[in-house]
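A short worksheet on the structure shown next.
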Amino acid sequence: MIRLLRAAVIAACCIAPWAHAKNTPPTTYTFNDNDTVPVVLSSVDINRLVVKGDKITGIDCPAGFCVVAGTKSDTSGAARLKLNIAVPFVAYVSTRKGRQFGLFITSRAMPAVTSEFIGVQNTQQAPSVFDKTAPYPVQLAEFTAQMMRWTETGEMMGGFSLHPVDPKTVASAFNAPLAVIPDTIFVGKPFSGIRYQLINN
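Read in order, the letters of the sequence shown are residues -21 to -1, 1 to 180 in mature numbering (1 follows the signal peptide of the UniProt record, and there is no 0).
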């Protein structure tokens, strides 16, 4: 009897850590309208995306890059996203309340967690340098010049916000013979852009 009691105590001690495992909270991101938000999603599981206090009505990916489900049937307002490709890409999210923003998606072989997006008051209040009647090629050249100027001086261009890309999310890209590494996303109206580093290995 004593031996059985000891065995039961040992078994209980072994089970206890699993019985008290903590839940995994969602990964939260903030966004302004028309932002492009860098996110890391699972390449092996179905990802669940939700916009706090809103309902996702559509997610637009490049053709064949992802499979979207739940935008019409999910009563919680969430959407389910399955990635079909391992390279980074941009998708666009629309909501019932008219919020629109982009996702700069990097995939990683990891268990999926819910990604929660929280809309904040738009901080892009400064007038954009492109709020003028200039030809499109001229505006595009000016935008490129502004990004180069920021690289040299750190001077922020009016009407734009910056989103740094976490190097850990693109770590595999560093191994290429000519590595093309995204490091900063510029978001504004009417342009958004990504700054890349080129590393010759």
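Think of the CB as a built atom: it goes at the ideal place given N, C-alpha and C, for glycine as much as any other residue.
From a predicted model like this one, the values you see are computed outputs, not experimental measurements.
Cut-off 7 Å between Cβ atoms - residues of its own chain near residue i, not counting five sequence neighbours on either side
| i | result |
| --- | --- |
| T7 | E95, I97 |
| P41 | F68 |
| P90 | S21, D24 |
| T123 | none |
| R75 | D33, K34, T36 |
| V19 | T85, R87, T148 |
| D39 | A70, Y71 |
| T3 | V92 |
Residues of its chain near residue i, where Cβ-Cβ distance is below 6 Å and the 5 sequence neighbours each way are ignored
| i | result |
| --- | --- |
| T93 | P5, R27 |
| V(-13) | Confidence in V(-13) is poor, its pLDDT being 41 and thus under 50, which makes the residue's placement unreliable; the coordinate value appears in the next sentence. Taken in chain order, the list of residues that qualify is empty. |
| V144 | P17, P161, D162 |
| A152 | A158, I160 |
| T15 | G81, F83, I164, V166, S171 |
Of the residues the options, the one placed nearest residue i, counting alpha carbons only
| i | options | result |
| --- | --- | --- |
| S52 | H142, N63, G37 | G37 |
| S55 | T15, D39, K34 | K34 |
| A65 | A48, F44, K76, T74 | F44 |
| E121 | V149, Y71, P169 | P169 |
| W129 | F165, D145, P146 | F165 |
| E131 | R174, Y115, P116 | R174 |
Residue i vs residue j beta-carbon contact at 8 Å
| i | j | result |
| --- | --- | --- |
| D12 | Q79 | yes |
| residue 196 | L177 | Residue 196 is absent from the model: the chain starts at -21 and stops at 180. |
| G138 | G167 | yes |
| E81 | M126 | The identity of residue 81 in the sequence shown is Gly, whereas the question assumes Glu. Taking 8 Å as the Cβ cut-off, G81 and M126 do not qualify as a contacting pair. |
| V29 | A57 | yes |
| A155 | N180 | yes |
| T9 | V99 | yes |
| N63 | V47 | no |
Other residues of its chain near residue i: CB distance less than 8 Å, five sequence neighbours each side excluded
| i | result |
| --- | --- |
| C(-9) | Unreliable placement is indicated for C(-9), whose pLDDT of 43 sits below 50; the coordinate value is still reported in the next sentence. Contacts found: none. |
| T112 | none |
| K31 | E95, F96, I97, G98 |
| Q103 | For Q103, the pLDDT reaches just 49, beneath the cut-off of 50, and the residue's location in the model is therefore unreliable, although a value from the coordinates is still provided. The residues are N11, N13, G138, F139, S140, V166, G167, K168. |
| R59 | I25, N26, R27, L28, V47, A48, G49, D53 |
- What residue ranges within the segment 96 to 172 form continuous alpha helix (DSSP H) runs of no fewer than 4 residues, ordered along the chain? Those alpha helix (DSSP H) runs which fall completely within the segment 96 to 172 and span 4+ residues are 115 to 132.
- Task: Go through the segment 19 to 96 residue by residue and report every complete run of the beta strand (DSSP E) that reaches 3 residues or more, in order.
- Result: The beta strand (DSSP E) runs of length 3 or more contained entirely in the segment 19 to 96 are, from start to end of the chain, 26 to 30, 35 to 39, 45 to 48, 58 to 62, 68 to 74, 79 to 87.
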